[in-house]
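**Student:** I have a structure I would like to understand better, so I am pasting it below and will then ask my questions one at a time.
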Amino acid sequence: MKGKRWLAASVLCGVFAVAGCGGSDDDEGTAAKSGGKISGTVTTWIMDPGSPKLQEVFNGYAKDFEAKHAGTDVKIEFVPWAQAHDKFTTAIAGGKVPDVAEMGTTWTPEFADQGAFEAVPAAGAGDYVSSLIDAATLDDEVWGKPWYAGARALIYRKDVLKKAGVEPPKTWDELKTAAATIKQKGGGIYPIAYTGLTEHYYLPTIWQAGGEIATKDGDSWKAALNSPEAVQAIDFYTSFYKKGYTPKAAIGWEEPDAQEAFINGDIAMLVAGGWTYNSIIQTKPELESKIGTVLEPAGPSGKDTAFAGGSHLVVFKESENTETANAFVDFMLEPANLNKFTSEIGFLPGTVAGIEESGYLEDPVRKPFAEQLLEHSAVYPPSPRWGALEGANIFDGVIQNVMKGKETPQQAAQSLAEKMDEEFAG
Amino acid sequence: MSHGAAAYPSRREAGGPALAGVGRAVARLTLPVLLLLPALIIIVGLVGYPLAKTIWLSFTETRLGDLVDGSGEWIGLENYKEVFADEHLRTSLINTVAFGTACVIGTMVFGFGVALLLNQRLRGNWLFSLAVLLPWAVPALAASAIWRWLFDDRYGFVNWALVNIGFSSFQDYAWFADRESAYVAIFVTVVWQSFPFVALGLLAGLQTLPQETLHAASVDGASAWQRFRLVTLPLLRPIVAVLVVFSTIWDFKIFDQIYVMAQGVPDRAADTAAVTAYRESFALGHYGAGAAVAVVLFAILLVFSILYVRMIGREGRA
């Protein structure tokens with residue numbers, strides 16, 4: 005029984021072995037085939053990276069593409085992550101979709117299930133990171149091309165930890181002790197930002213405890229949250245708020261709020277991906293020398309699993325210009341263009357070769373981000389219902405109630421399992 | 102009698118051949134109907150159709166896919182049962198009525214106070230009248246974001262000010278970590294945004310009051326409070342009633358302020374019906390249940406509006 009809970013975890017482990025070195029041949033082929041016919045307007049929704057420099061990279065893609073193909077007009081629109089799911093939903097419901105969009109990997113099956121996307125013809129098995137292909141697969145068809153991926157590790161303020169006399173935590177117990185010490189000796193700085201509205205912080209603690217979020221049940225999925233491991237994880241996560249190791253306001257924080265608090269020097273430790281790290285040191289360069297990185301702390305099971313997130317590029321079925329849209333997607337996926345962006349944003353490209361070329365493995369501060377993704381990460385159940393679960397934030401309210409002491413971790417685990425099964429059942 | 106007698110023959114003349122009468126009636130109606138038609142089409146298209154569609158949706162089980170091809174399944178009153186059985190949906194309706202009422206009262210009281218002040222013949226009052234309008238001119242979304250920042254736990258002005266005047270317990274006070282304190286912050290925002298309209302409406306009313314009546318009352322020895330309660334208020338009642346109707350409709354369907362400021366309140370306990378209807382539909386994909394919440398909100402507003410309109414009607418006859 006306990007062994008089975010681990011079946012779906014660490015999906016990314018080893019999948020890179022089958023990934024080849026980039027889809028350049030395929031991409032150029034497609035573009036060349038339809039070379040003469042590429043024209044017209046392509047509206048593209050990109051998740052707002054939050055930094056002007058990155059927005060420049062995307063706008064640069066548009067300019068370069070327009071220069072390469074006369075008669076094309078690429079419109080890049082930035083959509084904040086927090087509103088994106090709602091926005092896609094309303095766009096699909098209203099029939100006012102963009103031509104191309106960046107899609108969070110957990111949303112691709114959901115919207116594909118609604119028939120929103122063009123299928124990706126013959127996604128080469130060796131071209132992309134296969135777990136990201138898995139995340140884009142529904143009914144044996146692939147609905148989005150993997151763009152980039154990343155996993156969160158733990159970043160910390162070296163100066164604050166040194167002042168408090170604690171080592172970077174490697175386990176849950178060490179994290180608890182470190183938090184208590186920083187609270188005492190940190191000079192008013194909060195030890196960690198475990199917020200109420202960031203499921204990518206708390207859901208992986210269930211894996212770390214040795215539990216599962218959901219298990220495959222025939223064609224459907226079944227919640228696995230009603231387990232002692234999940235209860236232990238919820239108890240662990242919420243205890244930091246209850247003990248005052250996290251600011252009181254953090255119960256209503258989303259990830260960017262926690263990031264801002266870290267930049268302002270209010271927080272000593274933060275669960276953060278390479279993209280967050282990049283954004284932090286771009287906003288406040290003087291922090292660069294003060295930040296250290298370690299893998300996420302390991303739970304009682306010994307696992308230090310984080311969520312492997314990323315994005316697909318999709319072409320909408322209702323686009324009136326799918327040919328040019330596909331050409332623009334392939335253009336963005338050309339290795340040179342891809343690297344321009346992933347190195348800047350702090351994500352990893354979708355290929356092993358790309359990761360090796362990125363230089364992440366040689367940089368001591370960035371290496372844990374790559375390691376976390378390659379060897380210590382898992383993905384959420386690729387069910388069409390998962391996007392709705394995320395969109396509805398069924399987890400946040402319950403976690404907040406436990407933080408407030410209105411519910412016990414047991415009650416929380418049980419009610420979450422029920423809500424999840426309700427959603428899986430449709 | 103003489104009036105009736107004069108009217109009778111003329112009607113008689115016209116009524117002879119019934120068909121001609123109908124024809125003339127149609128002719129008489131054609132022009133007004135034609136003139137009204139463009140407006141009617143727009144109203145039916147922009148209000149009537151969405152309303153009818155929402156009511157229809159509220160009786161169906163509709164997911165995003167069903168919405169696209171219009172194939173929701175008819176499930177009768179199930180959605181309405183859920184609205185009243187589900188704790189979160191029910192709470193959002195109670196929140197709407199309770200918080201909306203509080204906002205209406207707050208807006209009216211504050212608006213009245215400002216109107217009475219502006220009605221004093223003070224120098225430079227025209228400047229204040231202008232200044233009072235400003236909050237009303239700020240878009241609700243922008244105002245909500247600004248006030249959310251003012252109420253920020255660590256960097257907000259409100260906590261800074263409160264700590265500096267001696268309330269040290271407001272150091273890092275998290276306004277949005279509890280429903281009650283979040284409502285205090287949102288209440289301030291809503292009243293700040295909606296009092297200008299009320300204040301200026303009442304000011305206009307105050308300036309039309311017959312000075313003789315007020316003067317006579319003070320000659321009779323009525324105190325300022327008595328003059329306000331027994332003369333000013335009854336004379337302003339029709340305007341107050343209209344303003345209360347407007348405020349009720351605005352404050353009950355309040356969306357922006359709640360959407361921006363209450364999103365982090367644990368378990369979304371401070372959500373109002375409008376936000377819940379939106380989230381239930383577009384975040385959860387339960388379009389039927391979302392529509393049911395919207396229809397219940399619509400019914401509540403309809404009841405309040407009818408009550409007020411009847412009250413105003415009675416005032417008019419009296």
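Which chain is which? The protein sequence lines are A and B, in order. For any residue, its number in our numbering is found by taking its place in the first sequence, counting from 1, and adding 4. For any residue, its number in our numbering is found by taking its place in the second sequence, counting from 1, and adding 101. Virtual Cβ for every residue (Gly too), placed ideally from N, Cα, C.
#1: Using only alpha-carbon positions, find the residue among A/241, A/341, A/188 that is nearest to residue 61 of chain A.
#2: Using the C-alpha atoms, what's the distance from residue 81 of chain A back to residue 436 of chain A?
#3: Could you give the DSSP three-state label for residue 413 of chain A: helix, strand or coil?
#4: Our contact map puts residue 209 of chain A next to residue 303 of chain A with C-beta atoms below 8 Å; I'd like the distance itself, whole angstroms only.
#5: So, with DSSP's three-state summary, where would you put residue 237 of chain B?
#6: With DSSP as the reference, please indicate the residues paired to residue 316 of chain A in a beta bridge.
#7: Look at the Cβ atom of residue 154 of chain A, then the Cβ atom of residue 351 of chain A, and state whether they are nearer than 8 Å.
#8: Give the residues of chain B in contact with residue 238 of chain A, contact being defined as C-beta atoms less than 8 Å apart.
#9: Taking 8 Å as the CB-CB limit, is residue 285 of chain B close to chain A?
#10: Note down, in chain order, each residue of its chain lying with its Cβ closer than 7 Å to the Cβ of residue 249 of chain A, except the 5 sequence neighbours on either side.
#11: So, residue 298 of chain A versus residue 166 of chain A, is the Cβ gap smaller than 8 Å?
#12: Against residue 255 of chain B, what residues of chain A qualify as contacts under a CB-to-CB distance less than 7 Å, listed in chain order?
#13: How big is the Cα-Cα spacing for residue 26 of chain A and residue 152 of chain A?
#14: Residue 105 of chain A and residue 141 of chain A look like a contact to me (Cβ under 8 Å); what is the Cβ gap, rounded to whole Å?
#15: Just verifying my parser: in three-state terms, what is the DSSP assignment at residue 299 of chain A?
#16: Can you check whether the C-beta of residue 87 of chain A is within less than 8 Å of a C-beta belonging to chain B?
#17: What residues in the region 354-388 of chain B bring their beta carbon closer than 7 Å to a beta carbon of chain A?
#18: Report the neighbours of residue 93 of chain A on chain B: residues whose CB is nearer than 8 Å to its CB, in chain order.
#19: Determine the chain B residues that contact residue 253 of chain A at a beta-carbon separation under 9 Å, and present them in chain order.
#20: Could you tell me if residue 411 of chain B is buried or exposed, where buried requires 16 or more neighbouring beta carbons within 10 angstroms of its beta carbon?
#21: Give the list of continuous alpha helix (DSSP H) stretches no shorter than 4 residues that lie fully inside the region 349-400 of chain A.
#22: So what does DSSP say about residue 124 of chain A, is it helix, strand or coil?
#23: Could you name the residues that DSSP lists as bridge partners for residue 406 of chain B?
#24: Report the residues of the region 100-124 of chain A with a CB closer than 8 Å to any CB of chain B, ordered along the chain.
#25: Which residue comes first and which comes last in the beta strand (DSSP E) that contains residue 195 of chain A?
#26: Quick one: what does DSSP say residue 284 of chain B is sitting in, helix, strand or coil?
#27: Locate the alpha helix (DSSP H) running through residue 237 of chain A, then write down its first and last residues.
#28: Determine, for residue 274 of chain A, whether the minimum Cβ-Cβ distance to residues of chain B falls below 8 Å.
#29: Taking DSSP's pairing of strands, which residues face residue 77 of chain A in a bridge?
#30: Distance cutoff 8 Å, beta carbons only. Does residue 169 of chain B sit that close to anything in chain A?
#31: Closer than 8 Å, CB to CB, is residue 423 of chain A near chain B or not?
#32: If we cut at 8 Å on Cβ distances, does residue 26 of chain A have a partner in chain B?
#33: Report the neighbours of residue 257 of chain A on chain B: residues whose CB is nearer than 7 Å to its CB, in chain order.
#34: Helix, strand or coil: how does DSSP classify residue 157 of chain A here?
#35: Residue 154 of chain B lies in the alpha helix (DSSP H); which residues open and close that run?
**Tutor:** Per the coordinate set shown:
#1: A/341
#2: Summary: the structure shown does not reach residue 436 of chain A, with chain A confined to residues 5 through 430, and so no result is reported for it.
#3: helix
#4: 7 Å
#5: Three-state DSSP puts residue 237 of chain B in a helix.
#6: A/107, A/150
#7: It is a contact, given that the beta carbons lie within the stated cut-off.
#8: Going along chain B, no residue has its Cβ under 8 Å from residue 238 of chain A, so there is no contact; the nearest lies around 15 Å.
#9: no
#10: 183, 187, 194, 195, 196
#11: no
#12: 270
#13: Confidence in residue 26 of chain A is poor, its pLDDT being 31 and thus under 50, which makes the residue's placement unreliable; the coordinate value appears in the next sentence. In a straight line, the C-alpha of residue 26 of chain A is about 12 Å away from that of residue 152 of chain A.
#14: Beta-carbon to beta-carbon, residue 105 of chain A and residue 141 of chain A are separated by about 18 Å, too far to satisfy the 8 Å threshold.
#15: coil
#16: no
#17: 365, 366, 367, 368, 369, 383, 384, 385, 386
#18: 165, 383, 384, 386
#19: 253, 254, 255, 273, 274, 275, 276, 277, 278, 365
#20: Counting other Cβ atoms within 10 Å of its Cβ, residue 411 of chain B stays below 16 and is therefore classed as exposed.
#21: 356-362, 371-379, 390-396
#22: coil
#23: Its beta-bridge partners do not exist; DSSP assigns none.
#24: Against chain B - using a Cβ distance shorter than 8 Å - the residues of the region 100-124 of chain A are 117, 118, 119.
#25: Start and end: 194-196.
#26: helix
#27: 232-246
#28: no
#29: Answer is A/45.
#30: yes
#31: no
#32: In this prediction, residue 26 of chain A has a pLDDT of 31, which is less than 50 and means its spatial position is unreliable; what the coordinates show is noted afterwards. Chain B, which has no Cβ nearer than 8 Å to the Cβ of residue 26 of chain A, makes this no.
#33: 365
#34: Strand, per DSSP.
#35: Start and end: 150-158.
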